[in-house]
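Below: the structure, in structure tokens.
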């Protein structure tokens, strides 16, 4: 418990420092005594910082929720077809009703993300439960299939540019006031997950245990799917999908704090926010005055961290622990 | 009392349970016995509303398990299945505290804390309370889950093969705790393979085979060479020891 407090304080401090850095670095010189400088701050720098924090927190929380409802540590919205489904919905509404308001696009993206993720959940029920790595593999296959459909439609309709901004690399250079506020909805959805933290933790013990404690596993699962779908859709719509946050952060936090989500979720959210903001800052600094998208930085960094998590032998991972005991 | 009426159950084309009609008495330890595949776990799952009923009805203390509110049923009966080998990174104390969920829904009061601490102490888990479940042995994890079930503190306790993974000492301790529950006015239903545990501790036996109830009654009535040989399709001898039937089948 003490460790958790230290991590919470440490992460909060880290976010504070990162946010300060994020606000004060950038191509434009910022002079706060000048109204133009003030404008850069309020229209560009602060929104960008908030956007990175919201995206990272919400994606990390969505990752935890997804891992609890499918009871597998190796899945995240980016590898379960959720992001591609959101893009498919977005593409469909853009083609069918190009004049549709952002709200309609948002709903379309959320609904199709929900459908895609539900297909994933249905699909993995048929897999043998002991083959833990089949679940993420199935997710990657499904992502590939839906992604291919999106790409094909994109080619045919000359929409590849849009698709690239949704799926390829999430980045924050386009974030200005008025163009990132949907991310607050992602933050809100993640907040709802916090209030249902105990339910998700109990569902993580299996549908049998959840039923015995008087919960409806299906209802909890539906809530979880909704959270994952809304978070992913909002991120895809506003800044584009960012890989690995939903995978790496929850795994590290589970090792440190455990699966008691009520204790772990706030830490996960802070960790996700800090990681994405840090990656955005790195991307802004290393090739200044140009930028590398945060999603690209995370692709490299996240893959590295994840491999380290997989290979580090210290404690039994979920996969290792399932093997011998469950015979 | 648990009333089971006309319950049949099939998975795919396979008939798991066929026309079960029996009554499980209140205030006693009841053991479901029978060979592998007899349908004992399925019946317990149906009583615990883990699986939905296909035909027939089951009432626990007058509450229909299909139509009653699941949250209310969770305050009437606690259920522990066989799949306790979950690789969860919950701490033992957190798992046991989830046993109070039906009562406090995540906002534990002093009574809840007390019951959790008591359950942890009862299963000698104090030293392990801060350990993660995936760092425990099979027997320790089993005890943690049993402590969660006890913390739920319900009039009925349903346990599916609770002696799995437990050594002799912990098996005996558990069975004694179950009879203590009975003495405190609660009712216990267990699926058990060790007939001598059933003989020593149960008041009522329900013997099943091929998805049907073959015989039910007191241990002295059920644990006879004739019934058991028919039940298990193997020759079984029954002696008497400590005024209880002693079942011998290994030679």
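Residue numbers (this note's numbering), protein chains in the order written: chain U, 47 to 373; chain S, 3 to 253.
All residues carry an ideal CB built from backbone N, CA and C; glycine is no exception.
Beta bridge pairing from DSSP links residue 290 (chain U) with no other residue. Listed along the chain, the chain S residues whose CB falls inside 8 Å of the CB of residue 200 (chain U) amount to none; the nearest CB is some 40 Å away. Beta-bridge pairing by DSSP links residue 219 (chain S) to S:207. By the neighbour-count criterion, in which 16 or more other beta carbons inside 10 Å mark a residue as buried, residue 155 (chain U) falls on the buried side. Rounded to the nearest angstrom, the gap between the Cα atoms of residue 345 (chain U) and residue 232 (chain U) is 21 Å.
Beta-bridge pairing by DSSP links residue 247 (chain S) to S:242. At a C-beta separation below 7 Å, residue 259 (chain U) has these neighbours in chain S: 76, 100, 103, 104. Only residues of its own chain outside the window of five on either side were considered, and among them 348, 351, 352 have a CB closer than 6 Å to the CB of residue 294 (chain U), listed in chain order. For residue 24 (chain S), DSSP records a beta bridge to S:6. Residue 230 (chain S) has its alpha-carbon roughly 14 Å from the corresponding atom of residue 194 (chain S).
Judged by DSSP secondary structure, residue 173 (chain U) falls outside any alpha helix (DSSP H); it is assigned neither H nor E.
The region 254-262 of chain U and the region 78-94 of chain S touch, with no fewer than 3 CB-CB distances between them shorter than 8 Å.
Residue-level contact check: residue 189 (chain S) does not touch chain U, since none of the beta carbons of chain U fall below 8 Å from its beta carbon. Within the region 284-304 of chain U, the residues whose Cβ lies closer than 8 Å to any Cβ of chain S are, in chain order, 300, 301, 304. Flagged as an interface residue toward chain U: residue 52 (chain S), by a C-beta distance shorter than 8 Å.
Shown here, residue 214 (chain U) sits in a helix according to DSSP, grouped into three states. DSSP places residue 81 (chain S) inside the beta strand (DSSP E), whose first and last residues are 79-82.
Against residue 152 (chain S), chain U offers no close residue; the least beta-carbon distance is about 13 Å (beta-carbon pairs closer than 8 Å). Closer than 8 Å to the CB of residue 247 (chain U) there is at least one CB belonging to chain S.
According to DSSP, residue 60 (chain S) shares a beta bridge with S:6.
In the structure shown, residue 179 (chain S) falls within a helical segment according to DSSP collapsed to helix, strand and coil.
Among the residues facing chain U, residue 115 (chain S) is not included, as its CB has no counterpart in that chain under 8 Å away. A Cβ-Cβ contact shorter than 8 Å links residue 275 (chain U) with residue 128 (chain U). Within chain S, the residues 72 have their CB atoms less than 7 Å from the CB of residue 262 (chain U), given in chain order. When the Cα atoms are used, residue 81 (chain U) and residue 224 (chain U) turn out to be separated by approximately 19 Å.
For a Cβ distance threshold of 7 Å, residue set 52, 83, 85 of chain S lies close to residue 254 (chain U), ordered along the chain. Within its own chain, the residues whose Cβ lies closer than 6 Å to the Cβ of residue 180 (chain S), once the five positions on either side in sequence are excluded, are 31, 190, listed in chain order. By alpha-carbon distance to residue 182 (chain S), the top candidate from S:164, S:203, S:115, S:199 is S:203. By the 16-neighbour rule on beta-carbons within 10 angstroms, residue 112 (chain S) is exposed.
Contact check for residue 135 (chain U) against residue 122 (chain U) fails: the beta carbons are separated by 8 Å or more. Counting along the chain, residue 193 (chain S) sits inside the beta strand (DSSP E) bounded by residues 189-193.
In the displayed model, residue 34 (chain S) falls within a strand according to three-state DSSP.
For residue 125 (chain S), no Cβ of chain U is located within less than 8 Å of the residue's own Cβ. Looking at the DSSP output, residue 103 (chain S) shares a beta bridge with no other residue.
The three-state reading of DSSP puts residue 59 (chain U) in helix, counting H, G and I together. At a beta-carbon threshold of 8 Å, the residues of chain S lying near residue 306 (chain U) are 92, 93, 96, ordered along the chain.
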